[in-house]
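*Asks:* Residue numbers (the working numbering): 216 to 860. Where a beta carbon is used, it is the ideal one built from N, C-alpha and C, also for glycine. Sharing a structure, written as structure tokens. Questions coming.
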């Protein structure tokens with residue numbers, strides 16, 4: 216795992232142009248820093264190395280292909296590199312290899328078949344920049360699910376790119392102007408969705424796609440159009456056309472596919488372990504690791520003192536049963552809260568998923584013993600594991616029967632309902648109780664004209680983002696990903712999560728937190744074969760009654776007794792609501808003070824102030840609204856200090 220950066224410019228390039236961009240990414244790769252330049256061509260590639268496979272100098276980057284035509288700076292792992300290497304060998308005849316790095320194999324595959332064909336064959340997590348010395352063309356590519364990040368944009372007379380926005384900000388002539396439309400979406404979602412970034416002059420490369428850039432694109436300042444080489448929507452269509460109806464067969468196939476995925480990701484020339492929360496996903500990954508390992512797998516868990524956010528007891532039971540070398544970090548509120556001031560620097564784009572705190576803590580813990588850790592991310596998106604996959608369709612079945620006038624009356628009633636009534640309704644069982652616990656989203660759901668719109672309303676923090684009035688009128692509506700017309704609401708929810716929430720929230724959180732600790736994290740459940748199989752499963756094999764991930768659970772029960780893992784899931788997060796009423800109240804109150812908000816000119820003073828007062832009085836837990844505003848303020852303190860002055 217590494218950091219990459221570089222630029223293509225219309226002028227002769229200097230080494231300093233590239234070295235200043237890779238310097239802020241040293242935490243991503245502390246094992247070496249290299250730069251490759253072609254001064255007349257105006258291209259510079261930089262690499263900050265975290266050595267995982269072939270830790271010798273033969274694995275160093277940027278790397279030139281055997282033909283001399285291609286040069287690559289690459290961040291990631293190709294899990295099927297052994298098979299790809301053999302295929303290249305068979306196709307090309309006798310091939311001389313400098314070492315055994317997956318980077319060399321990827322370059323050989325590109326030499327043999329071209330970049331797009333090589334991308335189709337490569338199974339892994341990656342982001343890379345490839346310079347074609349023959350055509351003078353720069354290609355940027357990102358893995359299928361978006362595990363590894365890649366930003367790009369314009370700076371004066373150059374096209375620049377990097378693993379994080381930190382690199383782009385250092386480029387000469389980069390203008391860090393805030394994109395207020397992106398800020399609006401951040402306040403709604405807690406993240407900035409791809410292809411947008413918080414800056415007007417930078418974008419994120421979308422998952423499963425690549426772009427090509429030439430000098431004439433820079434001269435015209437023309438944004439390159441991403442070209443997908445893999446699309447989960449096509450996978451979903453293909454899987455739906457060939458469903459598996461035999462449950463016993465489905466369990467067997469999922470078991471075998473997951474075992475292969477896990478095994479393929481256990482290869483490393485450095486110590487390897489796993490995150491273990493005690494949930495279905497991470498327990499399945501660890502169980503399969505341990506079943507295929509001759510020695511105890513090293514596992515890690517972080518626990519909080521708050522029982523509503525502590526899963527360490529379940530993780531400990533799973534670890535004891537499997538016989539792993541288990542390590543727990545029990546974090547005091549003070550220790551966890553000490554991370555909060557670091558978040559603006561770790562996430563150099565506004566980011567407000569509160570589980571960023573325990574994720575960073577577990578990454579720091581793991582790095583004390585291993586360099587690579589496997590995680591269970593991806594199971595919720597593929598196997599219907601989120602609570603909203605259960606309660607929202609049930610609620611929609613009820614509300615869809617309401618005349619529009621009645622739905623509007625109910626929405627208005629919820630808007631005006633006293634907090635005590637909402638709290639009483641939240642104690643009810645079933646979809647109504649679930650909806651009441653999300654009362655802020657309920658009016659949007661009731662007013663939605665479609666199931667897709669209802670889902671967007673359900674996941675938004677703010678129905679109307681609290682931007683200052685003058686900014687509300689200037690913000691354009693950002694494009695949403697297209698789903699599958701006519702598909703059922705469950706399928707579209709999972710697709711939406713896979714296309715947006717997974718890469719832009721879950722995987723962003725994991726990447727920044729782990730790379731801050733110089734730890735590589737791998738996600739076996741995101742293997743393309745697992746995704747393809749998941750979309751062949753009928754809905755009743757994912758959701759059964761009030762249970763999500765039904766089939767994945769059946770596989771896990773082959774390794775771990777049902778009584779151990781069937782425990783209420785606390786959720787891997789932090790008690791932000793109580794913290795900003797208590798020990799973090801002064802910090803939060805300062806960031807949300809009326810004088811500061813007026814000085815910034817970004818937020819609606821009345822809307823933010825009302826939410827803050829209501830939360831402090833304990834009428835409602837409005838931390839989902841307030842945390843994005845706080846994280847934006849903390850981010851601006853770090854990266855846009857003129858907004859905070």
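1) I'd like the list of long-range same chain contacts for residue 552, defined as Cβ closer than 8 Å, with 5 residues on each side in sequence excluded.
2) For residue 738 and residue 821, what's the separation of their Cα atoms in angstroms?
3) Within 10 Å of its beta-carbon, does residue 504 have 16 or more other beta-carbons around it, so buried, or fewer, so exposed?
4) Among 581, 412, 323, which has the Cα closest to the Cα of residue 171?
5) Could I get the ranges of all uninterrupted beta strand (DSSP E) runs contained in the stretch 461-512, with 3 residues as the minimum, in chain order?
6) Given a cut-off of 7 Å, decide if residue 221 and residue 256 are closer than it, judged by their beta-carbon atoms.
7) To the nearest whole angstrom, what separates the beta carbons of residue 492 and residue 513, a pair I think is in contact under 8 Å?
8) Cα separation between residue 299 and residue 361?
9) Report the rounded CA-to-CA distance for residue 323 versus residue 478, giving the unit in angstroms.
10) Sorted by chain position, which residues of the same chain lie with C-beta nearer than 6 Å to residue 389's C-beta, five sequence neighbours on each side aside?
11) Just the Cα atoms here: how many angstroms apart are residue 535 and residue 618?
12) On the criterion of 16 or more Cβ atoms from any shown chain inside 10 Å, does residue 307 qualify as buried, or is it exposed?
13) Taking C-alpha atoms, which residue in 852, 267, 754, 819 lies nearest to residue 869?
14) Helix, strand or coil for residue 226 per DSSP?
15) Among residues of its own chain, excluding the 5 on either side of residue 578, which ones have a beta-carbon nearer than 6 Å to its beta-carbon?
16) State the start and end residues of the unbroken alpha helix (DSSP H) segment that holds residue 579.
17) Compare the C-alpha of residue 451 against each of 750, 809, 537 and name the closest.
18) If residue 275 sits next to residue 241, beta carbons under 8 Å apart, how far is it from one beta carbon to the other, in whole angstroms?
19) To the nearest angstrom, how far is the alpha carbon of residue 560 from that of residue 469?
20) Could you spell out where the beta strand (DSSP E) holding residue 713 opens and where it closes?
21) Quick one: using the 10 Å Cβ neighbour count with 16 as the cut-off for buried, is residue 464 buried or exposed?
22) In the structure shown, what three-state DSSP assignment does residue 343 receive?
23) If you compare alpha carbons, which of 393, 380, 373, 379 is closest to residue 864?
24) Would you grab the beta carbon distance between residue 441 and residue 424 for me? Rounded to a whole angstrom, and I think it's under 8 Å.
25) Could you pull the DSSP bridge partners for residue 544 from this structure?
26) Note down the Cα distance separating residue 393 from residue 557, rounded to an integer number of angstroms.
27) Let's see if you can read the secondary structure: which residues bound the alpha helix (DSSP H) around residue 851?
28) Closest to residue 817 by CA distance: which of 484, 363, 680, 792 is it?
29) Where do the N-terminal and C-terminal ends of the alpha helix (DSSP H) with residue 401 fall, by residue?
30) Between residue 227 and the rest of its own chain, which residues show a CB-CB distance below 6 Å, the 5 nearest in sequence each way excluded?
31) Count Cβ pairs between the stretch 661-677 and the stretch 601-608 that sit closer than 8 Å; are there 3 or more?
32) I think residue 545 touches residue 527, with their Cβ atoms under 8 Å apart; what is that distance to the nearest whole Å?
33) On the DSSP bridge list, what partners appear for residue 367?
34) To the nearest whole angstrom, what separates the beta carbons of residue 421 and residue 770, a pair I think is in contact under 8 Å?
35) Using only CA atoms, which one of 336, 796, 401 lies nearest to residue 720?
36) Per DSSP, which one or two residues make a beta bridge with residue 352?
*Replies:* Answer, in terms of the structure:
1) So the list reads 794, 798, 799, once near-sequence residues are dropped.
2) Going from the Cα of residue 738 to the Cα of residue 821 covers about 43 Å.
3) Buried is the call here.
4) As displayed, the chain neither begins before 216 nor continues past 860, which places residue 171 out of reach and without an answer.
5) Qualifying beta strand (DSSP E) stretches, in chain order: 487-490.
6) For residue 256 and residue 221, no; Cβs fall outside 7 Å.
7) Not confirmed; about 15 Å, so no contact.
8) Using only the alpha carbons, I get a separation of about 21 Å.
9) Rounded to the nearest angstrom, the two C-alpha atoms are 24 Å apart.
10) The residues are 370, 383.
11) Those two C-alpha atoms are separated by around 55 Å.
12) That one is exposed.
13) The chain is shown only over 216 to 860; residue 869 falls outside these bounds and no answer can be derived.
14) When secondary structure is reduced to three states using DSSP, residue 226 falls in the coil class, being assigned neither helix nor strand.
15) Taken in chain order, the residues that qualify are 728, 729, 732, 734.
16) For residue 579, the enclosing alpha helix (DSSP H) begins and ends at 571-582.
17) Of the candidates 750, 809, 537, the one whose C-alpha sits nearest the C-alpha of residue 451 is 750.
18) 15 Å between Cβ atoms; not a contact.
19) Computed Cα separation, rounded: 40 Å.
20) Segment: none, residue 713 is in no beta strand (DSSP E) and carries neither H nor E.
21) Residue environment for residue 464: exposed (fewer than 16 other C-beta atoms within 10 angstroms of its C-beta).
22) In the structure shown, residue 343 sits in a strand (DSSP, three-state: E or B).
23) The first residue shown for the chain is 216 and the last is 860, placing residue 864 beyond what the model contains.
24) A Cβ-Cβ separation of about 4 Å places residue 441 in contact with residue 424 under the 8 Å criterion.
25) BP columns for residue 544 point to 517.
26) Spanning the two alpha carbons is a distance of roughly 21 Å.
27) Start and end: 838-854.
28) Closest in C-alpha terms to residue 817, from the list 484, 363, 680, 792, comes 680.
29) Counting along the chain, the alpha helix (DSSP H) containing residue 401 begins and ends at 395-404.
30) Taken in chain order, the residues that qualify are 254.
31) With the cut-off at 8 Å, the stretch 661-677 and the stretch 601-608 touch.
32) The distance from the Cβ of residue 545 to that of residue 527 is about 7 Å, consistent with a contact at the 8 Å cut-off.
33) Looking at the DSSP assignment, residue 367 forms a beta bridge with 376, 418.
34) At roughly 31 Å, the Cβ-Cβ gap does not stay under 8 Å, so residue 421 and residue 770 are not in contact.
35) Minimum Cα distance to residue 720 is reached at 401.
36) Residue 352 pairs with 347.
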